[in-house]
Structures are given as C-alpha cells and as structure tokens.
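Working notes for the structure below.
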Amino acid sequence: MVGRYVEKILGTKSRYRFVLVVLAVVVGMLSWVATADRQMSMKPADDAQMQFGDRVALLQIPLYANAGEKESVRSALNRPGDGVIAVATSGDLYLDTDQERRRAMSEGDWPHIGQEFGYSLTSGRWADKPGEVVVAGESDLSEGETVVGLDGNLKLTVVGKAEHRFYPRLETLLAFPGTWNTIDPASSETSAAAMSTTLYSGTITDREALEEYVYSHLDEKTAAQLESLDGVTLGDGFLERSFVEDRPHRAIADQYSFVFGVFALLLPMSLVAFLWAWSKKLLAPVNNQLYTLGVNPAPLWKATFRKIGLAVALASVLSMALGVGVAWMVAPALADLVGIQGPGPQVPTKWLAVIAVGVIVSYVAGGIITRPRVSRSVAVGTSADRAQRVFSSKKLLWGTGVIAVLTLVGVGAASVQLGIDVLETWAPLPVAVWSLFLSLAITGYVSRKSPIKPRPLAQRLAAYHRALTVFAIALLSLAIGNLMFSSTFAQSITVAQNKSLISPLPDDQFGVEQEHPNGLKVSEKTVNDLAHKLGLKEPVAVTIAGGQFDIIEGVYGSYGISAVDDADDLGRILGRELSSEEAATLDKGGLLVRDSAFLDGSEARIFSENLPDGELLPAVQADFGEHWEANAAAFMLTKTAKEHRLSLEGLRWVFTDLSESQQKELLAGALESRISRDLLQVPLKQEASTPSNVYFSLASALIGSCVIVIMVSRTNAKSLEALKSTFWTLGLPASWQRWVLRWSIGSIAVKAFVLGLIAGLGPAALISQLMGEVLPFAIDWMTILYAAAVLVLGSVVGLLIVGLSSRKNNAHA
Numbered sequence: 023m024v025g026r027y028v029e030k031i032l033g034t035k036s037r038y039r040f041v042l043v044v045l046a047v048v049v050g051m052l053s054w055v056a057t058a059d060r061q062m063s064m065k066p067a068d069d070a071q072m073q074f075g076d077r078v079a080l081l082q083i084p085l086y087a088n089a090g091e092k093e094s095v096r097s098a099l100n101r102p103g104d105g106v107i108a109v110a111t112s113g114d115l116y117l118d119t120d121q122e123r124r125r126a127m128s129e130g131d132w133p134h135i136g137q138e139f140g141y142s143l144t145s146g147r148w149a150d151k152p153g154e155v156v157v158a159g160e161s162d163l164s165e166g167e168t169v170v171g172l173d174g175n176l177k178l179t180v181v182g183k184a185e186h187r188f189y190p191r192l193e194t195l196l197a198f199p200g201t202w203n204t205i206d207p208a209s210s211e212t213s214a215a216a217m218s219t220t221l222y223s224g225t226i227t228d229r230e231a232l233e234e235y236v237y238s239h240l241d242e243k244t245a246a247q248l249e250s251l252d253g254v255t256l257g258d259g260f261l262e263r264s265f266v267e268d269r270p271h272r273a274i275a276d277q278y279s280f281v282f283g284v285f286a287l288l289l290p291m292s293l294v295a296f297l298w299a300w301s302k303k304l305l306a307p308v309n310n311q312l313y314t315l316g317v318n319p320a321p322l323w324k325a326t327f328r329k330i331g332l333a334v335a336l337a338s339v340l341s342m343a344l345g346v347g348v349a350w351m352v353a354p355a356l357a358d359l360v361g362i363q364g365p366g367p368q369v370p371t372k373w374l375a376v377i378a379v380g381v382i383v384s385y386v387a388g389g390i391i392t393r394p395r396v397s398r399s400v401a402v403g404t405s406a407d408r409a410q411r412v413f414s415s416k417k418l419l420w421g422t423g424v425i426a427v428l429t430l431v432g433v434g435a436a437s438v439q440l441g442i443d444v445l446e447t448w449a450p451l452p453v454a455v456w457s458l459f460l461s462l463a464i465t466g467y468v469s470r471k472s473p474i475k476p477r478p479l480a481q482r483l484a485a486y487h488r489a490l491t492v493f494a495i496a497l498l499s500l501a502i503g504n505l506m507f508s509s510t511f512a513q514s515i516t517v518a519q520n521k522s523l524i525s526p527l528p529d530d531q532f533g534v535e536q537e538h539p540n541g542l543k544v545s546e547k548t549v550n551d552l553a554h555k556l557g558l559k560e561p562v563a564v565t566i567a568g569g570q571f572d573i574i575e576g577v578y579g580s581y582g583i584s585a586v587d588d589a590d591d592l593g594r595i596l597g598r599e600l601s602s603e604e605a606a607t608l609d610k611g612g613l614l615v616r617d618s619a620f621l622d623g624s625e626a627r628i629f630s631e632n633l634p635d636g637e638l639l640p641a642v643q644a645d646f647g648e649h650w651e652a653n654a655a656a657f658m659l660t661k662t663a664k665e666h667r668l669s670l671e672g673l674r675w676v677f678t679d680l681s682e683s684q685q686k687e688l689l690a691g692a693l694e695s696r697i698s699r700d701l702l703q704v705p706l707k708q709e710a711s712t713p714s715n716v717y718f719s720l721a722s723a724l725i726g727s728c729v730i731v732i733m734v735s736r737t738n739a740k741s742l743e744a745l746k747s748t749f750w751t752l753g754l755p756a757s758w759q760r761w762v763l764r765w766s767i768g769s770i771a772v773k774a775f776v777l778g779l780i781a782g783l784g785p786a787a788l789i790s791q792l793m794g795e796v797l798p799f800a801i802d803w804m805t806i807l808y809a810a811a812v813l814v815l816g817s818v819v820g821l822l823i824v825g826l827s828s829r830k831n832n833a834h835a
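Here's what the structure looks like:
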C-alpha cells in the first residue's frame, strides 16, 4: 500500500520522470561512446598479424637506398629456408600523373607471404618480374595499366589487384623484388624517395641473435656503414610479437582514462543524487505529517528506496544494453569510417563497470543520507545539517591531506620509474585530491566581523553552507588545476625539446644536409631549384674540413674547422658583414677563430691526417655568434682547405635571412620536393602541443562556473529571503542583497582560481623536480589568462541567468 502511494506521488511528477529519462539517455550515450570507441580500434591480435605476419619478431634496418641507388640489403637478408624473410618498403613513391600524392611500395615474395600479412589476390596475378606490381586497397590504378613515376625514371606495370584484410582502404603497391633497382640513376637529382628494409623472423626470437644474423649476411661495406651510424643502433628497431599481441585492447577513451572516467562516474552519480533530492522534496510534506502524528516514517523510506532503486536499475540496464547494441549494429560502418577491419563485437567491461559503480554508489549514498533517524527530537538534525558537520570535520580535512600527499608522491615516483607517459592518464588524480584538500582547508575560516556589510555576510553564508561552498571551490579549482597542469606539462616538454635541437642554427636560417649517415641523400640541383621556386637566394654551401685544433685546457665546445666558398658567404651565415681585416685574412689563406686561445700571436696551428705535426696559418679572432660557435671553432675558405689537402665532407646548404613565414614555406617546399625530414635542419622553436585535457578543463571551468553561480545564488537567496524584513528594518537599500550575492560568487571564483593554480602548478613543479633535466619546469602564462577569462565569463553568464530567472519569478508573482 505504501509502495503504491509512493508510486502515485512520484509517478505523477513530470520532473521525476524527466530525470529518469535524462539518466537513461546519459548512461546509454556513455555506453554507446565507450563501445563505439572500441569498435574503431584494431584488436591487438589483428594488429600483430598485420605487423608480423606469421613471424614472432621483426627488426627494422636503419639503412636507406635512395632513388637511383641499388638496393641490396633485402636480397642479402631474405632467407626463407632459415625462417627469416625481408621486405623493403618506400613511402615516398609518386607517379608523374599525381606528384602531390605519396604512395607506399613494398618489395617482397608476396605470392608466398602475402596471405599471412593480410593480402589476398582478387584479380589478375602476382608480380613475377621487376617492374611489375599488384595494387592493394582503394586505388585509381587499373589492372594492365603501365604508369610512370619519379619524373619519368620509373615504370610500373599493374598485373593484379588485391585486398588488404586489416586496412581495406589503404593503397599499397606490392612489387616484385628488384623493382627499386630499375629506377634510373638520374632520379637522384630530382627525387628524395628512399627504401628501407624490415626483417621478419619465425625462428630467431632473441635480439642479439637477430643482430648477429644481420651482420653475418651483409657485405663488409654495408655492415661498416650500419655500425657507424651516429646515435642509432641496430637493436633499436627490434620488436617482439608478444609486445603487440599481449597488450590490452586500448582505444581513445583508454588513452584518456581519467578524463573519460570522470564523466562516466560523475554524470550518472549527479543525476541519481538529483533524483533522490527531488524525491525527498516531493515526499517531505508526507514525512512531516507522519512525524506530527507520531507514525514511524521508515516504511515510507523503504518504499521510496525500492521505487527509486527499481527505476534507476531499469533505466541504467536497459540504456546500457541499448547503447552497446546500437554500437554493435553500426560497428561495420564505424570500422569503415576509420578504414580498418572491425574487431568484432566488443564489450567495454571497464567503462560499463565505472558507470554502474557511479549509479550504485550514488543510489546507496542517497538512501543512507535520507534514511530517517531514530530520534526526531532535534529539529535541526536534517541531512543538510549533517552534511555541514561532515564537511567541517577535522578528520576529513587531514585525512584528505594525507591522501593528497600520498597520491602526489605515488604518481611522481611512477613517472620517474616508468616515464612521463604515466602522466597522460594519472596526472589529474593528484590535482583533484589537492583541489579537494585545499578547498576544505580554506573554507574552514569564518569571518568574525559583524555582518553589517555585504562582504562579511557573504563570508558567513559561505561558512553556513559549507558543503556547497567546498563543492563549488573544489569543482572549479579541479578544472583550473587540470588546466594548469596540462598546459605546464606541455610547455615543459616544449622547453625540453628546444634544448635538444639537432641543428644549432640561428633563428633566421634553414639547413639542408647533402647526406645522412643512414644513406639518405639530396642533390645540389634539387636544393637550388627549391630556392628558385620560392624566390630565395641560393643557399651557402658549408662543409666540414678535415682539420682541427689541439685540445686547450679551459676551452670548451667545438674544435673542428668549417669551410665556405668566399668571405661574403661567411658574412651571410654569421649575419654580419666581415671587417676588412677578417676578409683579408681569409683571402690570404688564413683562418677566423672563435676563441683567442687558439691563436699563437697572429697565427693558429691546425692538425689533420696529412698534417700530423700541424701547420701554422694566419688567423684572427672573430665573433661567430652563439649558434655557429657550437658548429665550428674556425672558418676557412674552401680553396684554402684544398691547398692544404684537408678533406671536405658533411656538405650542407644553409639558407639565410629568412622570415618566419619563409622558413615555414621552405620546410613545406622541401617536403613537397621529396627531401627527407632527416636531411633538414630546422631552427624553429617547437610549438607547444595542446593536450586534450586543456580543452576539457576550459569547458569544465566555463560550464562549472555557470552552474555554481546558479546554485550558490539560489541557496544564498533562500537564506537572504528570511532576512529580507531585517534588511528593511535596518534601512539597507534593495541593492544590498545583490551585493551579498556578488561577493559570494566573487569570493568562490577568486579562491578557486588561486587554489587551482596551486593544485596544478604544485604537482607539476614537484614532478619536474623529480624528473630533473628531462622535464624542466615552465609556466604557460597565456593559459593562466585564459583560465581567468573563462571564470569571469562563466560567472557573468551565471549571474545573468539568475537575474533573468528572478525577474521572471517576480513577474509571475
């Protein structure tokens, strides 16, 4: 009977039904997003099959064969009888009919290994001689067609078409071995396309054993080139199948677990809590009547508990099933959208559990809070009063502080041990805990001033409604803290990258190396054509002369010698006109040195293989600037280096006097001209990448500030309504109440902003200190301005909404 009575009261209220519908929609959407996210990522088993075929390990060989050069690494290492196969791949191939588009071409024994890598022939035949290819994936090439690429230096005949099981839309040219070697050597003047080899082993699973296999099958010249690579080792390209196959199925939501988890947990929790609050408000008159009559209200609470539990369970379970089911129905379309083979029906168990935990916790907590107490003798013993007492507890304050310290130390230690990738997922956690702790600490203060002005009264109201105040400040400071941490983290990475730039060139210069140790090359004609195309001066040719100075105690930096063609070229790269003395010294076969310690009077002694005892040359000290000082200890003319039989190597072309836009155009033009990125020396500063957390935090701060302004204003307005007659008696103006609300909102916004800065920058500074030079601490000041602007905007919008709402209510009254 009581249950039917509760159903009658709650069931007739549109807002109660509306909240249930919103809960179902939110849970369904979260379930759909989590499931759809899984459907758009490849299963680890499929990923491993695509990368390894039927093999257990792979090794990428860090050597390249440029267009026009013979490729010999693949043929030397391919030994199917030993359980080892090799595939050579180029990603820079272009056809003359569409030079803007790059295509991938792979050479291998595709009739025998194509199936295991996911390729199956659909028409025609497999290639059986150099120059023939099979086209896999979506392509505008047709069977029997002959195409020309690399500016007429390569001919390819399409003899068949195939489909790729894992990436159906990705176009790949499956070529017969030796096709790369049919490219005309003249292409080296116009193209920077290059080919590298990957080794796949089904029998050798140990990295050292696979490296030994490679060296034992390469010729001496190639093996020596492989050993001489600077900063690169053969073992860097080793990967085991189990590393890919055994990892969990991860999608985008898993990469941002904390952010998605917050939404998956808090959104259902807040809706269930609102459902309890609204139900309590609807049943309050009945409860009061029962209390007046001395009737035990427990049966009414039990019936309400069952009614809400059943409604929440049905709404959650049905919407979860619907969300997952709809994602399954559109799974093929989702997989096709990202161009992969679908992983099959996926159930995001972790995220469904998070959603369910949020619903259950909020439901149980709401039941406990609204459960009637045995003693009803004290009228102030309401759930609101209990909440105030809980949030005023010293145990809660210091317990939260201990948890905050432990969380920060734990995440910091994990980032030191496991790397900064740990911060992608778990960094917001210490920020959240510190935000809550600082909010509890700062809201414990109660103004002792007499509340005859708006500000002291606003402070007393904040202390009286402490639970709401803590929630408001904690939510806003969490958003600001995450924003500060994310932007600081990105800024720190940018600073670290800037400190480790490969090419120490001045900001207005741009370099192109002639050859990279891994075999990549570019011709002088390609570089000069690029300069003419962009309307730039031809670059300065700078080479490394095979000479150096003797080591001098107390002198640090470069001891090498660089050479340029003439004094004007040196003036261009140094960014100044050489003095008459400097130019005359170069013209008479002398040197310009960066430090007077290299001088012996007006001469300097250089050493080389051809000059073991050294030779004195005229020399003068000159200012190279901080960048070129790192490149060379001295400069001479190229003709001087040849006269003294110094070897010239490491040629690079340096563009000078560039604006920032010209540098960007030059970079884009170089890549369009198929000049490999490995050959480019770009002095431009790394731009800070904006983590997704920044956008989430900005949106959270904006929406949160609007919502909090409305909540705080409504709560304070109710408190002030009871004092309205007192205000009138004291002769206070009508605007006094509005000033109290403004002080309340302003106080919360300012405190949240300051605490957010502390909660975000504090953990970032500590983790940066633990990481040392790997992650220097740097503040993104612009993001701080954005955060302040968002808080102000949200507060203003919230106050406008409250003002419009109050006017509407007054009009109805």
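Residues are numbered in the numbering used here as their position in the sequence shown, beginning at 1, plus a constant of 22.
For every residue, glycine included, the Cβ atom is placed at its ideal position computed from N, Cα and C.
- At a Cβ-Cβ threshold of 9 Å, Ser584 and Thr805 do not count as neighbours.
- Across the structure, Gly778 and Ile502 are spaced so that their CA atoms are roughly 5 Å apart.
- Exposure of Ala231 is indicated by the presence of fewer than 16 other C-beta atoms within 10 angstroms of its C-beta.
- Gln570: member of the beta strand (DSSP E) spanning Val562 to Gln570, first to last residue.
- For Arg272, no beta strand (DSSP E) run applies, since DSSP gives it neither H nor E.
- Counting the other Cβ atoms within 10 Å of the Cβ of Asp572 gives fewer than 16, which makes it exposed.
- Residue range Leu176 to His186 is occupied by the beta strand (DSSP E) that includes His186.
- The beta-carbon distance between Val427 and Ser223, rounded to whole angstroms, is 49 Å. This is too long to meet the 8 Å contact definition.
- In the displayed model, Glu193 falls within coil according to three-state DSSP, outside both helix and strand.
- Per the Cβ contact rule, the segment 82-100 is in contact with the segment 193-213 (3 or more Cβ pairs under 8 Å).
- A distance below 7 Å between beta-carbons, with the five flanking residues on each side excluded, links Ile274 to the following residues of its chain, in chain order: Asp59.
- Within the same chain, Gly593 come within 8 Å of Glu599 by CB-CB distance, once the 5 residues on both sides are set aside.
- Where Tyr237 is concerned, the enclosing alpha helix (DSSP H) starts and stops at Arg229 to His239.
- Shortest Cα-Cα distance from Asp622 to any of Leu659, Ser630 and Ile574 involves Ile574.
- Annotation: Ala656 to Trp675 spans about 18 Å, alpha carbon to alpha carbon.
- Counting C-beta atoms within 10 angstroms of its own C-beta, Met51 has fewer than 16 neighbours from the protein chains shown and is therefore classed as exposed.
- Sixteen is the threshold: since fewer than 16 other Cβ atoms of the shown chains lie within 10 Å of the Cβ of Tyr578, the residue is exposed.
- Collapsing the DSSP output to three states places Glu694 in a helix.
- Annotation for Val383: the continuous alpha helix (DSSP H) segment containing it runs Thr371 to Thr392.
- Residue pairing for Ala656: DSSP places it in a beta bridge opposite Ile583 and Val615.
- DSSP, read as helix, strand or coil, puts Trp675 in strand.
- Under DSSP, Asn88 forms a beta bridge with Ala216.
- One thing to note: Met72 has its Cβ within 9 Å of the Cβ of Gly140.
- In terms of CA proximity to Pro66, Gly364 leads the group Gln570, Leu792, Gly364 and Trp373.
- Relative to Glu262, the option among Ile226, Leu248 and Asp120 whose CA is nearest is Ile226.
- Put simply, of Pro785, Val431, Lys92 and Phe532 the residue whose alpha carbon is nearest the alpha carbon of Ser681 is Phe532.
- In this structure, Thr607 sits near Val642, with a CB-CB distance shorter than 9 Å.
- Taking C-alpha positions only, Ala333 is separated from Val381 by approximately 12 Å.
- For Glu625, no alpha helix (DSSP H) segment is defined; the enclosing uninterrupted segment is the beta strand (DSSP E) at Glu625 to Ile628.
- Contact between the segment 608-617 and the segment 644-660 is present: 3 or more CB-CB pairs across the two stretches fall below 8 Å.
- Gly113 and Trp148 have their alpha carbons spaced roughly 21 Å apart.
- Between Asp587 and Ala563, the beta carbon gap of about 6 Å places them in contact (Cβ cut-off 8 Å).
- Short of 8 Å from the beta carbon of Ser210, and not among the five residues preceding or following it, lie these beta carbons of its own chain, in chain order: Asn88, Ala89, Gly90, Glu91, Lys543 and Ser545.
- A direct Cα-to-Cα measurement between Asp228 and Ser292 gives close to 53 Å.
- Every beta strand (DSSP E) stretch that sits fully inside the segment 134-176 and reaches 3 residues is listed by chain position as 141-146, 154-158 and 168-171.
- In the DSSP annotation of this structure, Pro640 is not part of any alpha helix (DSSP H); the continuous beta strand (DSSP E) holding it starts and ends at Glu637 to Gln643.
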